[in-house]
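So the numbering used here is basically just the index in the sequence shown, starting at one, shifted up by 4. As C-alpha cells, the structure follows; a few thoughts come after it.
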Amino acid sequence: MSVGDLACHTENVGNPQIIQGGMGVGVSGWRLARAVSSLGQLGVVSGTALDQVLSRRLQDGDPGGHMRRALDHFPFPVMAERIWKADYIAGGKSAAHGYRKLPQHRKDNHRELEELCIVSNFVEIFLAREGHSNPVGINYLEKIQIPHLPSIYGAMLAGVEYVLMGAGIPIKIPGVLDRFVNHESATYPLAVTGVVEGDDTTIQFDPRNFMERDVPPLTRPRFLAIIASNTLATTMLRRSNGKVDGFIIEGPTAGGHNAPPRGKLQIDEAGEPVYGERDSVDLAKIRELGAPFWLAGGFGSPEKLQDALAAGAAGVQVGTPFAFCAESDLRADYKQALLEMARNGSARIATDGLASPTGFPFKVAQLEGTLSEPEVYRARPRVCDLGYLREAYRTSDGAIDYRCAGEPITTYVAKGGDAERAEGRKCLCNSLMANIGHPQVRAAKHVENGLITAGNDLVNIVRFIHQDGSAYDAADVISALLDASVRPPCGAVTTNSSASSQLRQSDAH
Ligand SMILES: Cc1cc2nc3c(=O)[nH]c(=O)nc-3n(C[C@H](O)[C@H](O)[C@H](O)COP(=O)(O)O)c2cc1C
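So, in C-alpha cells, the structure goes:
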C-alpha cells in the first residue's frame, strides 16, 4: 500500500492533518487556536483552569476588550454580568497587589466556580471561533476532574467541535457530551483515595440550574482521547459510555506531562525516567481499531508528518513549535529567552519525574529565573492556594477532603499523605499561571515565578524563524510542516503560500 492510500483511508477523510495540541495553562489560548483553525488545521485551546484565567484577565483590566466582547455573546446575560462585576478592574490591578483568591474546587462545588467554568470555557471557544468557520477544539486533563462538567457545558454552548482529553482514562466523557446536546444533567465519577463501598463520589451537574432561558440543542463535539498505549486505546473503545472519535498517540518526547514508563521505574544518570521498547505503541494494532489517529511527540517537521501519514495516521499533533510562536500566550520574555537558547544551542529539556504533584513525569525547560533552578525553587514559600491538582481522599470520618503533594509537607502528611511523595514537587498551578503573565503576588513582595514545559523538539524550533528574524508565527509552522507533503491527502490541505495569506485575511476581521 502506498503512502497516499494510507493517508486516504476513509477514517482520515475530512480530518485535519495538523492538530495544534492543547497547551495549559493558557499557552494555547484563543488567539493561537484561532490562528491555526483559520488556516484550515485544528486549533485547540487549553481548557485547564480557565476559570482562574478569565478571573485574572478581568482583574488585569481586560486589555483589548476581548473578554467583554465574548461575554456580550454569552446566552445567559445575568450570569455574565455577575462574573464581570466580581472581577473586572478598569485599568487593571496594580502590579503590587495580588489577584483575588477564588475558592478551590470541591466535589460539591461553589456555584461561583461552576459559573466561572461555564462562562470562561464559553469565552475561550467563542473567541477562538471568531472570524472563520473552521472547527476548534478544547483540551482537558482527565485528572483535573471537578471542573469537567461545567467546563464542557460552557465550551459546548460556544459550539466547540472537538474535545481532546488525556492524563487519565476518560471513559466517562463521551456520555457527558451526549447528555449536554439536549442540556440534560450529567454526572462524573470523582476518584477518591481510600473510598469504601457506599460512599457518594459522584459529581452532579444540571445545566437547567444555570439556564436563564431555553436555548436550542447543542452540537455534539467529536471526542479524541490522548493515549500512550495500545491497551488504553482498546479500553477506551470497549468501555467508554459513548463514541470515541479518534486517538492522539503521544510519545515520551512531547511537551507537558508524559505517561510514566511501563514496568519498574529506571532512572538514568541525569535523573530522568528511562523509556524502552515496552513503551512504544504498536501502530499496526491501532490501525486495526479503525478510528482515525494522530501522532504526537516530536512530530513538528514535514518529514515526521510524512512518516505519520505513511503509518496510516490522519496527521500529527504538534505542541512545542506552536508554544513559541507569536500567537501563543507564553510570556514574551520567556518565549524570547528560550528561542535565543534554541538558536545558540544552549536549550535543554529535562524530564522531571518529581516536579508534578500528579506523579506523572513532566518536561521542564531549563531557564534562569524559573523554578527549574534549584535556588528559585527553594526560595518559593511552599503554598497551595489554587488546588487544581489536589487529590480527593476519604477522611477517617468518611468525609471527602483534598490534599496536594505540592502543599507544605507537614500539612500534606497531616492529611495522610506520604512525605516521600511530596519531596521535590513543584506548584504547577501557580507557576503555570505565572508563565502566561498572571503571577500571584503575595504580601506585596513575593511574585510567583514560572516553570516552562516544552518537548525535546525545543532545540529545533529555530527552523521556523525567518532569515534575519527573531520570531515566527503559527502560519510559519503550518507552512513548514505541509511543505514537503507528497500530495495533499484527501483534498483538505492548504499550500505553503495560501496558509500564510489566509491567516493575514482572517487577522483583518
Ligand atoms: C507548553 C506545553 C503545554 C502543554 N500542555 C498540555 C495540556 O495541558 N494538556 C495536554 O493534553 N497536553 C499538553 N501538552 C502536550 C501537547 O498538547 C502536545 O501533545 C505535545 O506538545 C506534542 O509534542 P511536541 O511537544 O513534541 O510537539 C503541552 C505541551 C506543551 C509544549
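C-beta atoms are modelled at their ideal positions from N, C-alpha and C, and glycine is treated no differently.
Query: CA-to-CA distance, Ala-396 to Arg-429, given in whole angstroms; Result: 18 Å
Query: Uninterrupted alpha helix (DSSP H) stretches inside the segment 151 to 215 (no shorter than 4 residues); Result: 152 to 161 and 177 to 185
Query: Whole-angstrom distance between Gly-96 and Gly-170, CA atom to CA atom; Result: 35 Å
Query: Ser-50 beta carbon near ligand 1 (any heavy atom closer than 7 Å); Result: yes
Query: Cβ-heavy atom distance, Gly-597 to ligand 1, below 7 Å; Result: Examination of residue 597 is not possible in this model, given that the chain is present from 5 through 513 alone.
Query: Gln-24 and Leu-58 closer than 8 Å at C-beta; Result: no
Query: Per-residue DSSP class, three states only, for Phe-468; Result: helix
Query: Chain-order list of residues whose beta-carbon lies under 8 Å from that of Ser-360 (same chain, five-residue window excluded); Result: His-261, Phe-366, Leu-393, Arg-429, Lys-430 and Leu-432
Query: For Ala-258, three-class secondary structure by DSSP; Result: coil
Query: Buried versus exposed, by CB contacts within 10 Å (16 or more), Leu-120; Result: buried
Query: Short Cβ contact (8 Å threshold) for Val-320 with Leu-455; Result: no
Query: Inside the segment 302 to 349 only - alpha helix (DSSP H) runs reaching at least 4 residues; Result: 306 to 314, 324 to 327 and 336 to 348
Query: Leu-313 CB to nearest heavy atom of ligand 1 below 7 Å; Result: no
Query: Proximity below 8 Å, CB of Ala-314 to CB of Leu-299; Result: no
Query: Cβ pair count under 8 Å reaching 3, the segment 18 to 32 against the segment 328 to 341; Result: yes
Query: Cβ-based neighbour list, Val-40, same chain, cut-off 6 Å, excluding 5 preceding and 5 following; Result: Gln-24, Gly-47 and Ala-478
Query: Leu-186, buried or exposed, once every other Cβ within 10 Å from all chains shown has been counted against 16; Result: Looking at the sequence provided, one finds Asn at residue 186 rather than Leu. Exposed, since its Cβ has fewer than 16 Cβ neighbours within 10 Å.
Query: Rounded Cβ spacing between Val-123 and Phe-78 (contact assumed at less than 8 Å); Result: 6 Å
Query: Cβ distance (whole Å) where Gly-516 is taken to contact Val-49 below 8 Å; Result: In the structure as shown, the chain begins at 5 and stops at 513. Residue 516 is therefore absent and cannot be evaluated.
Query: Which of helix, strand or coil DSSP assigns to Ile-148; Result: coil
Query: Ligand 1 heavy atom lying under 7 Å from the CB of Ala-171; Result: yes
Query: Best match in Ser-435, Gly-420 and Pro-220 for proximity to Ala-409 [C-alpha to C-alpha]; Result: Gly-420
Query: Coil, strand or helix - Pro-277 by DSSP; Result: strand
Query: Pairwise C-alpha distance: Asn-245 and Ser-98; Result: 48 Å
Query: Same chain only: Cβ atoms within 7 Å of Arg-508, ignoring 5 sequence neighbours per side; Result: Unreliable placement is indicated for Arg-508, whose pLDDT of 31 sits below 50; no coordinate value is reported for it.
Query: For Val-285 and Ile-253, the rounded distance between their alpha carbons; Result: 8 Å
Query: Beta-bridge partners of Trp-298, as assigned by DSSP; Result: Ile-252 and Gly-319
Query: Helix, strand or coil at Asp-405 according to DSSP, with G and I counted as helix; Result: strand
Query: C-beta contact flag for Ala-190 and Gly-250 at 8 Å; Result: no
Query: Helix, strand or coil at Val-417 [DSSP, three-state]; Result: helix
Query: Own chain, CB closer than 6 Å to Ala-4, minus 5 neighbours either side, in chain order; Result: Coverage of the chain is limited to positions 5 through 513, which leaves residue 4 absent and any answer about it impossible.
Query: Nonlocal neighbours in the same chain, by C-beta distance under 8 Å from Ile-93, ignoring five residues either side; Result: Leu-62, Gln-63, Asp-64 and Gly-65
Query: Local conformation of Tyr-476 per DSSP, three classes; Result: coil
Query: Ile-23 - partner residues in DSSP beta bridges; Result: Leu-46 and Gln-321
Query: Anticipated Cβ contact below 8 Å, Leu-168 with Leu-228, distance rounded; Result: 5 Å
Query: DSSP-derived helix/strand/coil call for Val-387; Result: coil
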